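Contents: one structure, followed by commentary.
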Amino acid sequence: MIRTVAIIGASLAGARAAETLRARGFDGRVLLIGEEPWLPYQRPPLSKDYLWPGGDESAILLRPADWYEANRIEARLGVKAESLDLRAREVRLSDGSDVQADAFLLATGSRPRRLPALEGAANVHYLRTRDDAARLAGALTPGARILVVGMGVIGAEVAATATRAGARVVAVEPAPTPMLRSFGSVAGAWLARAHAERGVEAHFGRMPERFEREGGLVRGVTLDGGERLDCDAVVVGIGVEPA
Ligand SMILES: Cc1cc2nc3c(=O)[nH]c(=O)nc-3n(C[C@H](O)[C@H](O)[C@H](O)COP(=O)(O)OP(=O)(O)OC[C@H]3O[C@@H](n4cnc5c(N)ncnc54)[C@H](O)[C@@H]3O)c2cc1C
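Going by this note's numbering, the first residue of the sequence shown is number 516, and it counts up by one from there.
Below you can see the structure in the form of structure tokens.
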């Protein structure tokens, strides 16, 4: 008999699972364990309006804070699940505590793929969490030169938002158009034109070959076609890997 369910990963999948358990009449204990310090929130606004000054924090929550209490969902936030002992039915958390449950749901999602050549540079951004978005928003100032590496969904959306914020965007993407996998080449070509009309200088069919660093910052990149692009900050959007 299942009396306690521990959901690991407090984002869209984890929160919706908790909601569904209650909606279907599960009356036992539901624990929602999340590494981020926040109640579950929506990520789509993070690359759009949330990067914009005045982005409303409460508007991105999946459910208001009192919903969890009303539905007896016990949120354990800011702790990472480090190991799972299925025989003991126990999950070990990063604060040293153990949680026992009869069933476990792994909803740990994904994390951005990182570019090893950029590790340790202070002006490099990845975008997955609220904290990432808050940090990136600070870099999108008028006139700042933002280098976007990868024009998939994240790169294309950040390029649009950064341009709107008055930053100057240069981008590099090995495919012939932005968002090729999601949109295909016809809509991708339209999107490339829309970005160009708004001032994005995108280099398609090119790979970054060598990044130049100065004082812990990335200052520019040379592409495999020989072009050199200067930058004040870099945003990397080259896909995700399972967390
Ligand atoms: C900037 C951005 C914009 C997006 N825009 C769109 C859009 O417009 N349309 C669309 O359909 N999709 C969009 N997406 C994708 C969408 O947000 C994801 O598909 C969705 O978040 C997946 O939800 P998930 O719960 O499966 O995983 P995730 O959202 O990845 O959540 C997993 C959670 O588990 C936590 N976790 C991981 N490991 C552990 C552990 N060991 N212990 C405890 N917790 C752990 C993580 O911290 C994270 O909070 C966007 C994503 C981003 C980042």
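C-beta: ideal position from N, C-alpha, C; glycine also.
The structure presented is a predicted model; accordingly, all values stated were derived computationally and were not measured.
- Relative to ligand 1, Arg602 has its C-beta separated by 7 Å or more from all heavy atoms.
- At least 8 Å separates the beta-carbon of Gly653 from that of Val663.
- Here Thr656 is not near Val715, since their CB atoms are 8 Å or more apart.
- With a threshold of 7 Å, the Cβ atom of Ile548 counts as near ligand 1, since some heavy atom of the ligand is closer than that.
- With a cutoff of 7 Å, Leu561 counts as near ligand 1, since its C-beta is closer than that to a heavy atom of the ligand.
- Residue burial annotation: Thr535 is exposed, with fewer than 16 other C-beta atoms found within 10 angstroms of its C-beta.
- In this structure, Leu738 has its beta carbon at no less than 7 Å from each heavy atom of ligand 1.
- Using a 10 angstroms sphere on the CB of Arg629, the tally of other CB atoms stays under 16, which defines it as exposed.
- For the 8 Å CB-CB criterion, Leu554 and Ile522 do not form a contact.
- By the neighbour-count criterion, in which a residue is buried when 16 or more other Cβ atoms sit within 10 angstroms of its Cβ, Met666 is buried.
- When Glu551, Met722, Thr623 are compared, the shortest CA-CA separation from Ala528 is found for Thr623.
- Per DSSP, the continuous beta strand (DSSP E) segment holding Thr737 begins and ends at 732–738.
- Residue pairing by DSSP leaves Phe541 without any beta bridge partner.
- Annotation for Val594: Leu608, Ser609, Asp610 place their beta carbon closer than 6 Å to its own, counting only its chain and skipping 5 residues before and after.
- Per DSSP, reduced to three states, the secondary structure at Ala590 is strand.
- At a Cβ-Cβ threshold of 8 Å, Arg721 and Pro689 count as neighbours.
- If you draw a 10 Å sphere on the C-beta of Gly754, you find fewer than 16 other C-beta atoms in it, and that means exposed.
- Distances between the C-beta of Arg650 and the heavy atoms of ligand 1 are all 7 Å or more.
- Judged by their CB atoms, Phe726 and Ala637 are not nearer to each other than the 8 Å cut-off.
- Counting of Cβ neighbours within 10 angstroms places Ser700 among the exposed residues, the total staying below 16.
- Close CB contacts of Ile588 within its chain, under the 7 Å cut and outside five residues either way in sequence, are with Ala533, Val545, Leu547 (chain order).
- Take Leu621, set aside five residues on each side of it, and the residues of its chain with a beta-carbon closer than 6 Å to its own are Ile523, in chain order.
- Taking the Cβ atoms as the reference, Arg518 lies roughly 17 Å from Asp613, outside the contact range of under 8 Å.
- Cβ atoms of Arg645 and Tyr556 come within 8 Å of each other, at about 6 Å.
- About 13 Å separates the beta carbon of Ala682 from that of His710, a gap too long to meet the 8 Å contact definition.
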